[in-house]
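Only one structure is covered here, and it is reproduced in the block below.
What follows is the structure, given as structure tokens:
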């Protein structure tokens, strides 16, 4: 459906007519249901545009059979000639426009009363973002406004994708051309597996790079050390209250030493209990005091632990790619690397600097590969 | 929603769609032109092949 057609189909001409009529005669009845229907139809129209425009472009990039060019050669021209990138970029802009418009329509259908159009100066104010009205924007500015509609997530994803296609996949032998070459070499019954394998490895490499360079991974050792510190600090705070409640003759530093020697609070508590019992002073009130102090200590140390984000470590993506590149290249017939490789195999490359297929991983690593990481059930020591 | 609000929202809908249309048209054109350039490149390649074979 053309845009004009959509505008007609959503009854916008009628709506305009109504608006104009209202302006002049003030007789037109507006109702909520009618507005919702208009919005629904507009969304359907946009979705229809989306399908048609992309289908038309997709048909256009299929090599015409009548030309008699080999598909591989046509694909090569598409990729190497920069057409793939151009088409992808424009499609991205169009997708962003579709999403942004659908978002605006969704907000219009259910948005709060406060989000109204500011008629003055041709400026629409929505969520605090001022957008220039198309009626006053030049063609170039219009394109910029579409780019501005791209959400940070979409931009990140697009940039990552571009980086992967330009810098990473060619380096690691994971491009479409590498895939086609590899598939041509494997026996017919393995071709499907090889196709899936390349797609899987590309997706895993993308997730891997995103995880290590953008999201960051938690430095478990630093986190554990911080917990130890927080527990000890909280213990120092609570010692005087323990001494007062249980009439300990031991000094604060004696108790601290005991805490260190016994390896933590749990053991210290056992010691408190045993000492009281030996002195014949353990009763319900001691039990209640002890429980209350324990809870205070636990709350205190939890508050002292730094935010998890402090322990996130990010690696430069160039460094990650270089590490993968080095190992991928060292494997003879390197497309074979796509078989039996997964997340844990990539981690092994980072950790150990060598490639391991799933079958070469340790039993623990295989468990992680199959089931993911499990959080420690008892980490308080 | 009262009538005034519905009237405003209808007007807003019109503006959104007009903006959408004015942004989509040049992008659609740009996309189809890129596709056309690719098809021209394929034809050029085929011509080269024919010239070579003569």
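Protein chains in written order, with the numbering used here: chain V, 1 to 381; chain E, 1001 to 1054.
Where a beta carbon is used, it is the ideal one built from N, C-alpha and C, also for glycine.
Whole angstroms are fine: how far does the CA of residue j sit from the CA of residue i?
i, j, result
"residue 75 of chain V", "residue 62 of chain V", "9 Å"
"residue 1024 of chain E", "residue 320 of chain V", "39 Å"
"residue 271 of chain V", "residue 241 of chain V", "16 Å"
"residue 106 of chain V", "residue 39 of chain V", "8 Å"
"residue 239 of chain V", "residue 269 of chain V", "12 Å"
"residue 98 of chain V", "residue 43 of chain V", "9 Å"
"residue 346 of chain V", "residue 1017 of chain E", "47 Å"
"residue 1047 of chain E", "residue 1039 of chain E", "12 Å"
"residue 35 of chain V", "residue 47 of chain V", "19 Å"
"residue 155 of chain V", "residue 213 of chain V", "16 Å"
"residue 1044 of chain E", "residue 84 of chain V", "18 Å"
"residue 1006 of chain E", "residue 37 of chain V", "12 Å"
"residue 101 of chain V", "residue 82 of chain V", "29 Å"
"residue 236 of chain V", "residue 174 of chain V", "56 Å"
"residue 162 of chain V", "residue 298 of chain V", "48 Å"
"residue 103 of chain V", "residue 1012 of chain E", "13 Å"
"residue 353 of chain V", "residue 344 of chain V", "13 Å"
"residue 187 of chain V", "residue 350 of chain V", "32 Å"
"residue 197 of chain V", "residue 88 of chain V", "24 Å"
"residue 254 of chain V", "residue 226 of chain V", "23 Å"
"residue 49 of chain V", "residue 1014 of chain E", "17 Å"
"residue 1010 of chain E", "residue 1021 of chain E", "17 Å"
"residue 41 of chain V", "residue 167 of chain V", "43 Å"
"residue 172 of chain V", "residue 216 of chain V", "22 Å"
"residue 60 of chain V", "residue 31 of chain V", "44 Å"
"residue 322 of chain V", "residue 220 of chain V", "24 Å"
"residue 1050 of chain E", "residue 73 of chain V", "15 Å"
"residue 1003 of chain E", "residue 306 of chain V", "53 Å"
"residue 79 of chain V", "residue 1027 of chain E", "21 Å"
"residue 252 of chain V", "residue 264 of chain V", "15 Å"
"residue 273 of chain V", "residue 301 of chain V", "21 Å"
"residue 285 of chain V", "residue 277 of chain V", "13 Å"
"residue 1019 of chain E", "residue 86 of chain V", "24 Å"
Give me the Cβ distance between residue i and residue j, rounded to the nearest whole Å; I'm assuming they're in contact under 8 Å.
i, j, result
"residue 304 of chain V", "residue 222 of chain V", "About 15 Å separates the two Cβ atoms, so there is no contact after all."
"residue 158 of chain V", "residue 92 of chain V", "6 Å"
"residue 183 of chain V", "residue 199 of chain V", "Not really, about 12 Å apart at Cβ, beyond 8 Å."
"residue 204 of chain V", "residue 342 of chain V", "6 Å"
"residue 1041 of chain E", "residue 90 of chain V", "The Cβ separation is near 17 Å, so there is no contact."
How would you write the range of the alpha helix (DSSP H) that residue i sits in, first residue to last?
i, result
"residue 347 of chain V", "343-352"
"residue 207 of chain V", "191-209"
"residue 1015 of chain E", "1003-1053"
"residue 186 of chain V", "Looking at the DSSP string, residue 186 of chain V is not in any alpha helix (DSSP H), and its letter there is neither H nor E."
"residue 168 of chain V", "No alpha helix (DSSP H) holds residue 168 of chain V; DSSP gives it neither H nor E."
"residue 242 of chain V", "220-246"
"residue 43 of chain V", "32-61"
"residue 212 of chain V", "Per DSSP, residue 212 of chain V belongs to no alpha helix (DSSP H) and is neither H nor E."
"residue 266 of chain V", "265-278"
"residue 284 of chain V", "284-304"
"residue 327 of chain V", "317-330"
"residue 73 of chain V", "71-80"
Skipping 5 residues on each side, what residues in its chain have a beta carbon closer than 7 Å to that of residue i?
i, result
"residue 120 of chain V", "Low local confidence applies: a pLDDT of 28 at residue 120 of chain V is under 50, so the model's placement there is unreliable, and no value is given."
"residue 218 of chain V", "308, 311 and 312"
"residue 202 of chain V", "169 and 174"
"residue 109 of chain V", "36 and 39"
"residue 325 of chain V", "171 and 172"
"residue 289 of chain V", "245"
Keeping to the same chain, check which residues put their C-beta closer than 8 Å to that of residue i; ignore five residues upstream and five downstream.
i, result
"residue 143 of chain V", "Caution is warranted here: a pLDDT of 42 is assigned to residue 143 of chain V, below 50, making its placement in the model unreliable, and no coordinate value can be reported."
"residue 327 of chain V", "349, 353, 354 and 355"
"residue 191 of chain V", "183"
"residue 16 of chain V", "In this prediction, residue 16 of chain V has a pLDDT of 41, which is less than 50 and means its spatial position is unreliable; what the coordinates show is noted afterwards. Around residue 16 of chain V: no qualifying Cβ."
"residue 164 of chain V", "202, 205, 206 and 209"
Identify, in the order they occur along the chain, each residue of the same chain with its Cβ nearer than 6 Å to the Cβ of residue i, setting aside the five sequence neighbours on each side.
i, result
"residue 1001 of chain E", "none"
"residue 224 of chain V", "none"
"residue 4 of chain V", "Unreliable positioning characterises residue 4 of chain V in this predicted model, as indicated by a pLDDT of 41, which lies under 50. A coordinate reading is not provided."
Using beta carbons (cut-off 8 Å, strictly below), is residue i in contact with chain A?
i, result
"residue 1037 of chain E", "The structure shown contains no chain A; the protein chains it does contain are V and E."
Query raised in the report: So does the segment 303-321 of chain V actually touch the segment 240-260 of chain V, counting three or more Cβ pairs closer than 8 Å?
Result: As far as the Cβ criterion goes, the segment 303-321 of chain V does not touch the segment 240-260 of chain V, which means the pair count is below three.
Query raised in the report: Quick one: any contact between the segment 49-62 of chain V and the segment 1018-1038 of chain E, if contact means 3 or more CB pairs under 8 Å?
Result: Touching, yes, given that three or more Cβ pairs across the two stretches are closer than 8 Å.
Query raised in the report: Taking one C-beta from the segment 164-179 of chain V and one from the segment 285-296 of chain V each time, how about it: are there three or more such pairs within less than 8 Å?
Result: With a cut-off of 8 Å on Cβ pairs, the segment 164-179 of chain V is not in contact with the segment 285-296 of chain V, counting fewer than three such pairs.
Query raised in the report: Is there contact here, the segment 253-264 of chain V with the segment 231-239 of chain V, by at least three beta-carbon pairs under 8 Å?
Result: Using a Cβ-Cβ distance cut-off of 8 Å, the segment 253-264 of chain V and the segment 231-239 of chain V are in contact, since at least three pairs of beta carbons, one from each stretch, lie closer than that value.
**Report entry** the segment 196-213 of chain V contacting the segment 274-283 of chain V, beta-carbon criterion three pairs below 8 Å
**Finding:** Fewer than three Cβ pairs drawn from the segment 196-213 of chain V and the segment 274-283 of chain V lie within less than 8 Å of each other, which leaves the two stretches out of contact.
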